[in-house]
Structure formats: C-alpha cells, structure tokens
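In the numbering used here, the protein residues as written are 79 to 392.
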C-alpha cells in the first residue's frame with residue numbers, strides 16, 4: 079500500500095510542479111501546491127511513503143523534462159515537504175507516559191532553515207560564481223522592469239531612475255524575499271495537508287492549538303546572525319539574507335498567532351482580527367514587519383504568559 083500511495087503522490091506532485099512551464103497564472107498557482115501531495119502521503123501514512131513520493135516525482139520530472147528540473151523538484155518542493163512532515167509527527171513520552179509532540183515553534187524554525195537552504199540551492203543552480211549569479215539576476219530583473227523580450231509590461235519608472243541600477247539593487251533583495259516567501263508557502267501546504275489527513279481520520283497527531291505557536295528565543299539570535307552574515311557579501315551574505323528573510327516571515331506568523339491567542343475571550347477580538355487581515359491584504363509589506371516585531375518580543379519575554387489567579391484574601 080505504501081509504495082502505491084507514495085508513487086501516486088509523487089506523480090501528482092510532479093505534475094503540479096511542471097505545469098508552471100505553461101506560463102499561465104493558474105499554472106503558477108498550482109505550482110505553489112506542488113509539495114501538498116508529498117505532505118499528505120507522509121502525514122497520512124508515514125515518512126517512508128513520503129520518501130517514495132519524493133523518488134517517484136523526481137524520476138518523473140527527470141524523465142519527462144531533464145535532470146536539472148528533477149533536482150529542482152526534489153530540492154525545492156518534495157524533500158522539504160517530506161522532512162517537515164517527518165518532524166511534525168515526531169513525539170516522545172514524558173514521565174507520565176503522555177506523548178509530547180514536536181513543538182510548532184521549533185517546526186516553524188525548521189521551515190525557515192529549509193527555506194534558507196532552498197534559496198541558496200536555487201542561487202547555486204544559476205551559477206556557482208557569485209558575480210555571474212548577480213549579473214544574471216540583475217539582467218533578468220532589468221528585463222522585467224523594461225519589458226524586454228516580451229517579459230511583462232513596461233514599468234514606468236520615475237524620471238532619473240535608471241532601470242539597470244534599480245535592477246542591481248533589487249537583485250540584492252531577492253535572497254531575503256525568496257526566503258521569506260517560501261515560509262508561508264510551506265506553512266500553507268502543511269496546514270492544508272494536515273487538515274485533509276485529519277478529516278480522513280489518518281492523522282496520528284492530535285490537532286494542535288495553532289495560536290499557541292511561539293518561536294524559541296534562540297531564533298532571535300539566528301535572525302541577528304543572518305543579518306550580520308548578509309553584510310559579508312558573496313554566497314555567505316546571500317545565505318545570511320535568506321535566513322534573515324525566512325526568520326522574519328516565521329516571526330511574522332508567530333506574531334499573528336500571538337494576536338489570536340492574546341485576543342481570546344476579549345470584546346475587541348473580532349474587529350482587531352478583521353482589521354489586521356484586511357491590512358495584510360491591502361499593505362502586506364507595511365504591516366507584516368510589525369507582526370514580526372510582536373513575534374520577536376513574544377519569543378524573548380513570552381507575551382502569552384498567563385498571570386496566576388489571585389489568592390483569596392486571608
């Protein structure tokens with residue numbers, strides 16, 4: 079049964095991954111859920127089914143297209159889904175024999191780490207020489223800005239702004255943006271897969287209380303380290319920027335979870351959550367950093383700590 083499930087999941091995942099070559103908006107959207115079948119196989123059966131899915135999907139993409147795209151599928155979609163699903167189902171028994179499941183906060187840190195590795199791997203796939211990589215990225219962004227070779231509409235830049243210089247500056251931000259965007263993509267796929275598996279009755283882990291998600295304080299040190307590394311330059315700096323971007327995204331999600339947790343039972347809960355989600359839709363780049371700051375504060379001082387009830391007067 080496991081090989082059949084794994085092979086089927088791998089082939090579906092490979093199909094979702096490869097449809098992006100058609101270039102349609104729907105195909106791009108479908109490519110975002112390429113890890114979903116691998117997640118479902120690993121969560122609903124076990125991690126071995128997930129590994130079969132990784133192997134089957136990688137082989138399918140390699141045979142139909144080429145080896146480089148097969149490796150891109152494995153590294154960018156399938157293996158991250160398998161590893162995160164494996165961690166999500168880890169458990170240990172405490173002294174009373176109760177199962178302690180892998181904490182959501184640490185799982186989110188792992189997702190940020192995987193996002194960093196995938197971003198660095200993608201950059202190395204372009205070129206192992208950093209100057210060449212930066213030149214390729216800058217040229218690609220310049221084509222996007224100018225609409226060259228039919229790539230998108232021409233962007234009207236303000237007077238005095240050179241497209242080449244702007245593209246070079248944007249290229250420096252790509253690693254952080256890539257790391258940050260990978261985190262919510264994996265989180266969304268994990269949630270969808272876990273919910274589907276739970277509804278089928280195959281999820282071994284009890285459904286967690288997601289608003290309790292809180293990153294460990296060590297993640298703040300990781301963020302500071304990523305920011306400092308990003309100043310070094312080269313692929314080391316690229317890795318630091320990717321790590322910083324990924325952890326900022328993770329802290330933002332943690333901050334959003336904190337808002338959900340802290341507002342429980344409060345009269346202002348509904349309007350506050352409505353305003354936050356509306357603001358995220360309208361001005362994501364402006365609002366999300368504030369949620370990240372909330373997540374950082376929560377990791378350092380535990381904003382969710384409940385005060386014990388007051389003792390009765392003597």
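Note that CB positions come from ideal geometry on N, CA and C, so glycine has one too.
So the alpha helix (DSSP H) residue i belongs to, where does it begin and stop?
i: residue 188; result: 182-204
i: residue 353; result: 347-360
i: residue 310; result: That residue, residue 310, is in no alpha helix (DSSP H); it is neither H nor E in DSSP.
i: residue 239; result: Element bounds for residue 239: n/a, residue is neither H nor E.
i: residue 162; result: 157-166
Given the structure, does residue i come close to the ligand SAH, in the sense that its CB is under 7 Å from one of the ligand's heavy atoms?
i: residue 306; result: Among the components of this structure there are no ligands whatsoever, and the ligand SAH is therefore not found.
Hey, quick one: how far does the beta strand (DSSP E) through residue i stretch, first residue to last?
i: residue 177; result: 177-179
i: residue 169; result: 169-171
Please look up how many angstroms separate the CB atoms of residue i and residue j, rounded, as I've assumed it's under 8 Å.
i: residue 112; j: residue 136; result: Incorrect: roughly 12 Å between the Cβ atoms, too far for contact.
i: residue 332; j: residue 292; result: 6 Å
i: residue 125; j: residue 169; result: 13 Å between Cβ atoms; not a contact.
i: residue 246; j: residue 216; result: 5 Å
i: residue 147; j: residue 141; result: Rounded, the Cβ-Cβ distance is 11 Å, inconsistent with contact.
i: residue 98; j: residue 92; result: In fact, because the Cβ distance is near 12 Å, the residues do not count as touching under 8 Å.
i: residue 286; j: residue 377; result: Between residue 377 and residue 286 the Cβ distance is about 18 Å, and since that is not below 8 Å, they are no contact.
i: residue 335; j: residue 374; result: That belief does not hold up - the Cβ atoms of residue 335 and residue 374 are roughly 13 Å apart, past 8 Å.
i: residue 127; j: residue 120; result: 6 Å
i: residue 108; j: residue 129; result: At roughly 23 Å, the Cβ-Cβ gap does not stay under 8 Å, so residue 108 and residue 129 are not in contact.
Under three-state DSSP, which class holds residue i?
i: residue 98; result: helix
i: residue 124; result: coil
i: residue 375; result: helix
i: residue 112; result: coil
i: residue 174; result: coil
i: residue 76; result: The shown model of the chain, from 79 to 392, leaves out residue 76, and the question about it has no answer.
i: residue 259; result: helix
i: residue 324; result: helix
i: residue 47; result: Because residue 47 is not part of the residues shown, which for the chain are 79 to 392, the question remains open.
i: residue 250; result: helix
i: residue 390; result: The predicted model places residue 390 with a pLDDT of 45, which falls under 50 and marks its position as unreliable; any figure quoted below should be read in that light. Residue 390: coil per DSSP, three-state reduction.
i: residue 224; result: helix
i: residue 149; result: helix
i: residue 82; result: helix
i: residue 385; result: Residue confidence for residue 385 is low, a pLDDT of 44 falling below 50, so the modelled location carries little weight; the figure read from the coordinates is stated next. Of the three classes helix, strand and coil, the one that applies to residue 385 here is coil, per DSSP.
i: residue 341; result: coil
i: residue 144; result: coil
i: residue 380; result: coil
i: residue 295; result: coil
i: residue 289; result: helix
i: residue 91; result: helix
Does the beta carbon of residue i come closer than 8 Å to any beta carbon on chain D?
i: residue 265; result: Here chain D cannot be found, since the structure has a single protein chain.
Taking residue i as the reference, give the member of the options with the closest Cα.
i: residue 262; options: 341, 193, 199 and 213; result: 193
i: residue 325; options: 286, 270 and 259; result: 259
i: residue 198; options: 285, 242, 150 and 244; result: 150
i: residue 280; options: 167, 339, 361 and 221; result: 167
i: residue 328; options: 339, 297, 315 and 312; result: 297
i: residue 264; options: 383, 368, 186 and 371; result: 186
i: residue 132; options: 189, 144 and 83; result: 83
i: residue 255; options: 346, 334, 201 and 300; result: 201
i: residue 380; options: 337, 95 and 361; result: 337
i: residue 196; options: 312, 243, 370 and 152; result: 152
i: residue 257; options: 189, 160, 119 and 110; result: 189
i: residue 122; options: 160, 134 and 107; result: 160
i: residue 220; options: 244, 205 and 366; result: 244
Contact between the region 305-314 and the region 166-186 is defined here as three or more beta-carbon pairs at a separation below 8 Å; is this criterion met? Judged by Cβ distances under 8 Å, the region 305-314 makes no contact with the region 166-186, as fewer than three pairs qualify.
Is the region 316-323 close to the region 350-359, with three or more CB pairs under 8 Å?
Contact between the region 316-323 and the region 350-359 is absent, because fewer than three Cβ pairs lie under 8 Å.
For the region 207-218 against the region 150-164, are there 3 or more C-beta pairs whose distance is under 8 Å?
At 8 Å Cβ cutoff, the stretches do not touch.
Quiz item: For the 8 Å Cβ check, are there 3 or more pairs between the region 112-121 and the region 86-103?
Solution: The answer is yes - the region 86-103 touches the region 112-121, with three or more Cβ pairs under 8 Å.
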